[in-house]
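Residue 1 is where the first sequence starts when you use the numbering used here, and the numbers rise one by one after that.
The beta-carbon is built from N, C-alpha and C at its ideal position, and this holds for glycine as well.
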Amino acid sequence: MPEGPEVETVRRSLLPRLLGATLVRPRVSAKKLRTPITKKDLRDVDGAVVTELFRKGKLLGIRTERGGGVFVRLGMTGRLVVEPKTQPPALHTHVRFDVCGPGAASGTELRFVDPRRFGEVVPFKDEVECALELGRMGPDGLALDDDDRAVVRVRLQATARAIKDVLLDQAVVAGVGNIYAAEACFVARLSPHRAGSSLDDDEARALVSAVESVLQQGVRHRGTSFSDYVDGDGQRGDNARHLHVFQREGEPCRACGDVVRRVVQGQRSTFYCGRCQR
DNA sequence: CCACTCCTGCGT
DNA sequence: ACGCAGGAGTGG
């Protein structure tokens with residue numbers, strides 16, 4: 001469900017509710033997440049004050065005063081929300097904490113909900129463990145500097161794989177998923193099937209730039225909710241109606257009026273305009 | 001590298 | 001009943 005912009009929207013919405021608050025009494029469901037977790041795994045977070053909420057790519061991190069914390073990966077259907085304790089937890093709620101605020105945040109719970117259980121909550125014990133995990137990813141697509149842009153460009157051109165597949169590789173650029181990969185190819189006017197190695201420098205530059213702009217647009221509209229994505233307050237995002245091609249099979253291209261096509265590429269749907277994108 | 005796998009839910 | 005879904009690791 002969530003890609004970089006959605007996770008960033010969740011992060012921002014949770015900031016005022018979690019920063020400076022204390023997480024206590026972790027509870028976990030019996031169902032196995034991608035990485036199984038127990039209460040015991042969360043004891044280092046129990047009773048600790050939240051000092052930071054960070055994100056890299058699609059990975060969300062909660063750091064506490066003790067230096068450790070937890071990573072939250074939302075997978076396809078994960079939600080991380082703060083809700084009043086009076087509200088019964090949704091079906092498929094797998095991890096919960098009481099949130100004890102210095103402010104008015106008491107009486108609420110932090111809840112990780114994930115029907116398909118492709119997501120996970122994984123503790124890290126210190127900065128070293130945290131950095132190790134973040135280091136497995138390429139640069140964050142929402143925070144590229146000039147060096148990062150050059151690195152991503154080179155990595156795109158260094159492979160014969162289709163550019164749309166390369167954009168989904170979190171080790172190349174972090175935070176791009178199936179929606180924004182298709183959108184970036186459209187904005188760059190490149191066919192998703194193009195081999196990375198076939199891009200000239202201008203095309204590669206345009207693609208990296210398109211990645212940045214579609215991700216930023218996603219954040220501006222608080223994420224894409226074409227079905228069930230919500231932020232930490234349960235609010236839907238607005239980006240779906242700004243998409244150029246994703247989920248628009250059979251509809252007219254907003255640029256040229258030709259029909260938007262859907263093809264399956266690497267087991268995932270890809271949407272594109274055969275006329276605008278070469 | 002690709003296809004397959006982990007799951008549940010929804011629309012056709 | 002079947003196909004499809006915003007992710008990502010694995011094993012051939």
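Note to self: Measuring CB atoms only, is the region 110-129 touching the region 180-191, in the sense that at least three cross pairs come out at less than 8 Å?
What the structure shows: no
Checklist line | Euclidean distance between Cα positions of His193 and Arg268 | finding: For the purposes of this step, residue 193 is taken as the residue at position 193 of the first sequence. For the purposes of this step, residue 268 is taken as the residue at position 268 of the first sequence. Approximately 13 Å between the Cα atoms of the pair.
Item checked: For Val259: DSSP bridge partner residues -> What you label residue 259 is simply residue 259 of the first sequence in a count that begins at 1. Val259 is bridged to Pro252.
Next item on the list: Compute the distance between the beta-carbons of Arg49 and Gly68, then report whether it is under 8 Å.
Entry: The sequence position of residue 49 within the first sequence is 49, counting from 1. The sequence position of residue 68 within the first sequence is 68, counting from 1. Contrary to the premise, residue 49 reads as Val rather than Arg in this sequence. Cβ atoms of Val49 and Gly68: not closer than 8 Å.
Next item on the list: Check each candidate in Thr22, Ser225 and Arg73 and name the one with the smallest Cα separation from Arg116.
Entry: Within the first sequence, residue 116 is the residue found at index 116, counting from 1. Nearest C-alpha to Arg116: Arg73.
Note to self: Please classify Pro139 as buried or exposed, where buried requires at least 16 other C-beta atoms within 10 Å of its C-beta.
What the structure shows: Here residue 139 corresponds to residue number 139 of the first sequence, with the count starting at 1. That one is buried.
Note to self: Considering only the alpha carbon of each residue, which of Ala171, Glu120, Gly234 and His242 lies closest to Arg136?
What the structure shows: In the first sequence, the residue the question calls residue 136 occupies position 136. Minimum Cα distance to Arg136 is reached at Ala171.
Notebook entry, point to check: Where do the ends of the beta strand (DSSP E) carrying Cys276 lie?
Noted result: Looking up residue 276 in the first sequence gives position 276. Where Cys276 is concerned, there is no enclosing beta strand (DSSP E), given that its DSSP letter is neither H nor E.
Notebook entry, point to check: Looking only at C-alpha atoms, which of Gly61, Leu243, Pro89 and Ile179 sits nearest to Pro123?
Noted result: The sequence position of residue 123 within the first sequence is 123, counting from 1. Checking every option, the nearest Cα to that of Pro123 belongs to Gly61.
Note to self: Closer than 8 Å is the cut-off here; do at least three beta carbon pairs connect the region 91-111 with the region 207-223?
What the structure shows: no
Note to self: Check whether the region 218-225 and the region 234-242 touch, using three or more Cβ-Cβ pairs below 8 Å as the test.
What the structure shows: yes
Notebook entry, point to check: Nearest to Phe71 by CA position, among Leu91, Pro88, Ala181 and Arg11, is which residue?
Noted result: Residue mapping note: residue 71 aligns to position 71 of the first sequence, counting from 1. Out of Leu91, Pro88, Ala181 and Arg11, Arg11 has the C-alpha closest to the C-alpha of Phe71.
Margin query: What residue range does the beta strand (DSSP E) around Asp98 cover?
Written below: Within the first sequence, numbered from 1, the residue matching residue 98 stands at position 98. Note, Asp98: beta strand (DSSP E), Thr93 to Cys100.
Next item on the list: Could you work out which residue in Arg27, Arg262, Ala90 and Val7 is closest to Arg55 when comparing CA atoms only?
Entry: Here residue 55 corresponds to residue number 55 of the first sequence, with the count starting at 1. Closest by alpha carbon: Val7.
Next item on the list: Give every residue of the same chain whose Cβ lies closer than 7 Å to the Cβ of Gly234, excluding the five residues on either side of it in the sequence, and list them in chain order.
Entry: Against the first sequence, residue 234 aligns to sequence position 234. Cβ neighbours of Gly234 beyond the five flanking positions: Val81.
Check: Is it right to say Arg111 is buried, meaning 16 or more other beta carbons lie within 10 angstroms of its own, or is it exposed?
Finding: Residue numbering aside, residue 111 sits at position 111 when the first sequence is read from its first letter. Arg111 should be labelled buried.
Checklist line | alpha helix (DSSP H) segment containing Lys164, residue limits | finding: Indexing the first sequence from 1 puts residue 164 at position 164. Run containing Lys164: Ile163 to Leu167, per the alpha helix (DSSP H) assignment.
Item checked: Cβ neighbour criterion (16 or more within 10 Å) applied to Ser13 -> For this step, residue 13 is matched to residue 13 along the first sequence. Buried, since its Cβ has 16 or more Cβ neighbours within 10 Å.
Checklist line | Spatial neighbours of Ala181 in its chain, beta-carbon cut-off 6 Å, leaving aside the 5 residues before and after | finding: Taking the first residue of the first sequence as 1, we reach residue 181 at position 181. Correct list, in chain order: Lys164, Leu167 and Leu168.
Item checked: Exposed unless 16 or more other CB atoms sit within 10 angstroms - verdict on Leu132 -> Locating residue 132 in the first sequence gives position 132, counting from the first residue. Leu132 is exposed by the Cβ-count criterion.
Notebook entry, point to check: Where in the region 14-60 do unbroken runs of the beta strand (DSSP E), each at least 3 residues long, occur, reported from the N-terminal end onward?
Noted result: 22-28 and 48-56
Checklist line | Closest by C-alpha distance to Asp202, when choosing among Thr51, Val154 and Glu52 | finding: What you label residue 202 is simply residue 202 of the first sequence in a count that begins at 1. Per the Cα distances, Val154.
Next item on the list: May I ask you to report which of helix, strand or coil DSSP gives Pro287?
Entry: Given that the chain is displayed from residue 1 to residue 278, the structure contains no residue 287 and the question cannot be resolved.
Checklist line | Gly234 (DSSP reduced to helix, strand or coil) | finding: The residue you call residue 234 lines up with position 234 of the first sequence. Residue state, collapsed to three classes: coil.
Next item on the list: Would you check if the distance between the CB atom of Thr9 and the CB atom of Asp228 is smaller than 8 Å?
Entry: Here residue 9 is taken as the residue at index 9 of the first sequence, counted from 1. Here residue 228 is taken as the residue at index 228 of the first sequence, counted from 1. Cβ atoms of Thr9 and Asp228: not closer than 8 Å.
Check: Should Pro304 go down as buried or exposed, given a rule of 16 or more other Cβ atoms within 10 Å for buried?
Finding: Outside the displayed span of the chain (1 to 278) sits residue 304, for which this structure offers no information.
Next item on the list: Report the three-state DSSP secondary structure of Ala195 (helix, strand or coil).
Entry: On the first sequence, residue 195 is found 195 positions in, with the first residue counted as 1. Residue state, collapsed to three classes: strand.
Note to self: The alpha helix (DSSP H) that contains Val151, what's its start and end?
What the structure shows: To locate residue 151, count along the first sequence from 1; it is residue 151. Per DSSP, Val151 belongs to the alpha helix (DSSP H) from Asp146 to Gln157.
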